[in-house]
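J.: In the order they appear, the protein sequences are chains G and U. Numbered according to the working numbering, the first sequence spans residues 222 to 463. Numbered according to the working numbering, the second sequence spans residues 222 to 463. All C-beta atoms in this analysis are idealised placements derived from N, C-alpha and C, irrespective of residue type, glycine included. Note that this is a predicted model, so its numbers are computed, not measured. Following this message is one structure expressed as structure tokens.
Number of protein chains: 2
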Amino acid sequence: MAKTAGIVVIGNEILSGKVVDANSPYLCQELRPLGVDVRRIVVLPDEVEVIAEHVAAFASAFDYVLTTGGVGPTHDDVTIESVARGLGRQVVIHPELSALLQAHWAERPAAVRDKMASVPEGTQLLMEASLPIPVLRIGNVYVFPGIPKLFRRLFDDIKERFRELPYHTRHVYVRARESTFAHHLEAVMTAFPDLMLGSYPEVDNPAYRVKLTLESKDPAYLERAHEHLLALLPADVVVDMV
Amino acid sequence: MAKTAGIVVIGNEILSGKVVDANSPYLCQELRPLGVDVRRIVVLPDEVEVIAEHVAAFASAFDYVLTTGGVGPTHDDVTIESVARGLGRQVVIHPELSALLQAHWAERPAAVRDKMASVPEGTQLLMEASLPIPVLRIGNVYVFPGIPKLFRRLFDDIKERFRELPYHTRHVYVRARESTFAHHLEAVMTAFPDLMLGSYPEVDNPAYRVKLTLESKDPAYLERAHEHLLALLPADVVVDMV
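This is the structure we're talking about:
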């Protein structure tokens, strides 16, 4: 199963037609080749209750929730408060983030720095970038700023963590009816319960009768399962292996 | 109270990053000057249950629901069935629409014409256009095709029916960081709670750093709020006003 994602775009400026959302199209294009299936996009006004409700629903429906917008220092930046409420967490000052802002934003008012250092309790800072601004991770919710240039730099910096492990695959082509070796397949599944094992008869194929597919994200596990299967199958029925 | 709208964008091709949705930005830009407040956009996969659920929720939450996409003749065009299910209606052949398709699509297969003439029971055809294709109206739900060029022609043809009192707008361009005047914005919002006040940083703009937008349907209220804000902001940071 592919991992799923829901995108929450936050900002009155998009709903009122002042700004065209460039971040959700970017995410759709980027997440697909990483193996993540975007299942929903929603664009919401700057309203705590509405955002909280959607964050809560998305966080339980999808593997990842990515929010964009509403994380600046002004009155209409309500994402942090909303995510916290949606996930049932308190808003707290993050000591590391506070120190970071102290270092980079020394000249700005303390109230602004405090707002920018406020996060839902239990937030992890994701900062693989050269930028002084982190992505916030709260459980399976990733909080990004809305400014597209900044958004892209931050997403690009952390995107590899969304990459799904590719499946490793082995094929075995067999010249025998399924019924003659079905018990061997069951034995392999008993020994290797995490293996994905498929058996596909191809009635009109002159070269073999059944194609077996063995799949796992763990290549060593796959190899052991493959050897186990070959040890069970009569040698003369195996036509080919890939 | 402004009329509200929810936009339902339908199509796997958008979620998988193959196509960028151009219709919801167009609707946001067009509905705003008509005085309609877009409250929500959602992008959904081609799945009947998911679409039905959202259409039902939007139809009771907002004054207008506009759907775009999923109305063609192929297997993945499930909007009609979904809207019908969401609103608890049967799908029926619309006699007028059937006659229209008979006249314009005589050469196409009858099965295709029948699918295209199928609508939720009680559908009204909106056809102020020169086009042979109507917008479908089912209660407060307006069903549009997804193809942007066609979508725009159809929307433009019926858009006057959505017109409300317009919003009045003032812009103030500021040459200072948001953090230095965030407290003034809060003061304005306290004094003018019905004002819609937006603050939009533009990091790469040499002329100003932040664009403030003030909006209201009451022009006198807007002017008072505008004066209040200008009295609070240091005069030397205001670059321009529109």
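Within the 9 Å Cβ cut-off, does Asp539 (chain U) reach chain G?
T.: Residue 539 (chain U) is absent from the structure shown; chain U starts at 222 and stops at 463.
J.: By the 10 Å Cβ neighbour count, where 16 or more other Cβ atoms means buried, how is Ile359 (chain U) classified, buried or exposed?
T.: Numbered from its first residue, the second sequence carries residue 359 (chain U) at position 138. Buried, by the Cβ-count rule.
J.: Can you give me the start and stop residues for the alpha helix (DSSP H) that Leu453 (chain U) sits inside?
T.: For the purposes of this step, residue 453 (chain U) is identified with residue 232 of the second sequence, where counting begins at 1. Leu453 (chain U) -> alpha helix (DSSP H) spans 440–453.
J.: Nearest to Ser303 (chain G) by CA position, among G:Val276, G:Ala327, G:Ala280, is which residue?
T.: Here residue 303 (chain G) is taken as the residue at index 82 of the first sequence, counted from 1. It is G:Val276 whose Cα lies nearest to the Cα of Ser303 (chain G).
J.: So what's Ala226 (chain G) in DSSP terms, helix, strand or just coil?
T.: Taking the first sequence and counting its residues from 1, one reaches residue 226 (chain G) at position 5. Residue state, collapsed to three classes: strand.
J.: Against Glu407 (chain U), what residues of chain G qualify as contacts under a CB-to-CB distance less than 7 Å, listed in chain order?
T.: As a first step, residue 407 (chain U) is located in the second sequence; it is residue number 186 there, counting from the start. His296, listed in chain order.
J.: State whether the stretch 378–388 of chain U contacts the stretch 299–319 of chain U, with contact taken as three or more CB pairs (one from each stretch) at a distance under 8 Å.
T.: Too few Cβ pairs lie closer than 8 Å, so no.
J.: When Cβ atoms are compared, which residues of the stretch 356–376 of chain G fall closer than 8 Å to chain U?
T.: Against chain U - using a Cβ distance shorter than 8 Å - the residues of the stretch 356–376 of chain G are Ile368, Lys370, Leu371.
J.: Give a yes or no on whether the C-beta atoms belonging to Ile235 (chain G) and Gly309 (chain G) are separated by under 9 Å.
T.: The sequence position of residue 235 (chain G) within the first sequence is 14, counting from 1. The sequence position of residue 309 (chain G) within the first sequence is 88, counting from 1. Result no, Cβ atoms of Ile235 (chain G) and Gly309 (chain G) do not sit closer than 9 Å.
J.: Which one of G:Pro246, G:Ala226, G:Glu251, G:Lys239 has the shortest CA to CA distance from Lys380 (chain G)?
T.: The sequence position of residue 380 (chain G) within the first sequence is 159, counting from 1. Comparing Cα positions, the closest option is G:Glu251.
J.: Counting beta carbon pairs with one atom in the stretch 260–275 of chain U and one in the stretch 224–231 of chain U, are three or more of them shorter than 8 Å?
T.: Contact holds: three or more Cβ-Cβ distances are below 8 Å.
J.: Does any CB atom of chain U fall closer than 9 Å to the CB of Ile231 (chain G)?
T.: Within the first sequence, numbered from 1, the residue matching residue 231 (chain G) stands at position 10. It does not: the Cβ of Ile231 (chain G) has no partner Cβ on chain U nearer than 9 Å.
J.: Given that Gly238 (chain G) touches chain U, what residues does it touch there, using C-beta distances under 9 Å?
T.: Looking up residue 238 (chain G) in the first sequence gives position 17. Within 9 Å Cβ-Cβ: Pro246, Tyr247, Leu248, Cys249, Gln250, Glu251, Leu252, Arg253, Pro254, Val259.
J.: Are any of the Cβ atoms in chain U nearer than 9 Å to that of Lys336 (chain G)?
T.: One-based indexing of the first sequence puts residue 336 (chain G) at position 115. It does; some Cβ of chain U falls within 9 Å.
J.: If the cut is a Cβ gap below 7 Å, which residues of chain G does Glu399 (chain U) touch?
T.: The sequence position of residue 399 (chain U) within the second sequence is 178, counting from 1. Here the neighbours are Gly293, Pro294, Thr295.
J.: How far does the alpha helix (DSSP H) with Val276 (chain U) in it reach, from first residue to last?
T.: Translated into the one-based positions of the second sequence, residue 276 (chain U) becomes position 55. Here the alpha helix (DSSP H) through Val276 (chain U) covers 269–282.
J.: By how many angstroms is the C-alpha of Ser400 (chain G) removed from the C-alpha of Leu435 (chain G)?
T.: Counting from 1 along the first sequence, the entry for residue 435 (chain G) is found at position 214. Counting from 1 along the first sequence, the entry for residue 400 (chain G) is found at position 179. Answer to the nearest angstrom: the Cα atoms are 18 Å apart.
J.: In chain G, what lies closer than 9 Å to Thr300 (chain U) by C-beta?
T.: The residue you call residue 300 (chain U) lines up with position 79 of the second sequence. Chain G residues near Thr300 (chain U): none, gap ~17 Å exceeds 9 Å.
J.: List the residues of chain G whose Cβ lies closer than 7 Å to the Cβ of Met410 (chain U), in chain order.
T.: Counting from 1 along the second sequence, the entry for residue 410 (chain U) is found at position 189. Here the neighbours are His296.
J.: Cβ atoms of His404 (chain U) and Ala332 (chain G): under 9 Å apart, would you say?
T.: Start at 1 with the first residue of the first sequence, and residue 332 (chain G) comes out as number 111. Start at 1 with the first residue of the second sequence, and residue 404 (chain U) comes out as number 183. It is a contact, given that the beta carbons lie within the stated cut-off.
J.: Around the Cβ of Gly325 (chain U), are there at least 16 other Cβ atoms within 10 angstroms (buried) or fewer (exposed)?
T.: In the second sequence, residue 325 (chain U) corresponds to position 104, counting from 1. This sequence places His at residue 325 (chain U); Gly is not what is there. By the neighbour-count rule (16 or more Cβ atoms within 10 Å), His325 (chain U) is not buried but exposed.
J.: Is the stretch 366–382 of chain G close to the stretch 422–429 of chain G, with three or more CB pairs under 8 Å?
T.: Touching, no.
J.: Run the CB neighbour count on Ser281 (chain G), radius 10 Å, all protein chains shown included, and call it buried at 16 or more, exposed below.
T.: Sequence index remark: in the first sequence, residue 281 (chain G) carries index 60 (1-based). Exposed.
J.: Specify the secondary structure class of Leu406 (chain G) as computed by DSSP and reduced to three states.
T.: Residue 406 (chain G) sits at position 185 when you count from the first residue of the first sequence. Helix.
J.: State the start and end residues of the unbroken beta strand (DSSP E) segment that holds Glu436 (chain U).
T.: As a working mapping, residue 436 (chain U) is identified with position 215 in the second sequence. 431–437 is the extent of the beta strand (DSSP E) around Glu436 (chain U).
J.: Of all the alpha helix (DSSP H) runs that stay within the bounds of the stretch 306–338 of chain G, which reach a length of 4 or more residues?
T.: Whole alpha helix (DSSP H) segments, 4+ residues: 316–325, 331–337.
J.: Using only CA atoms, which one of U:Thr225, U:Glu328, U:Gly256, U:Asp378 lies nearest to Asp284 (chain U)?
T.: Looking up residue 284 (chain U) in the second sequence gives position 63. Nearest C-alpha to Asp284 (chain U): U:Thr225.
J.: Which residues in the same chain as Arg306 (chain U) place their Cβ atom closer than 7 Å to its Cβ, once the five residues preceding and following it in sequence are excluded?
T.: Indexing the second sequence from 1 puts residue 306 (chain U) at position 85. Correct list, in chain order: Val269, Ala273.
J.: Could you check the C-alpha separation between Asp377 (chain U) and Val459 (chain U) for me, to the nearest Å?
T.: The residue labelled residue 377 (chain U) in the question sits at position 156 within the second sequence. The residue labelled residue 459 (chain U) in the question sits at position 238 within the second sequence. Approximately 38 Å, taken between the alpha carbons.
J.: Output needed in chain order: residues of the stretch 305–332 of chain G with a Cβ under 8 Å from some Cβ in chain U.
T.: Within the stretch 305–332 of chain G, the qualifying residues are Trp326, Arg329, Pro330, Ala332.
J.: Just to confirm, are Leu352 (chain G) and Leu375 (chain G) a CB contact at a threshold of 9 Å?
T.: On the first sequence, residue 352 (chain G) is found 131 positions in, with the first residue counted as 1. On the first sequence, residue 375 (chain G) is found 154 positions in, with the first residue counted as 1. Against a cut-off of 9 Å, the Cβ pair of Leu375 (chain G) and Leu352 (chain G) comes out as a contact.
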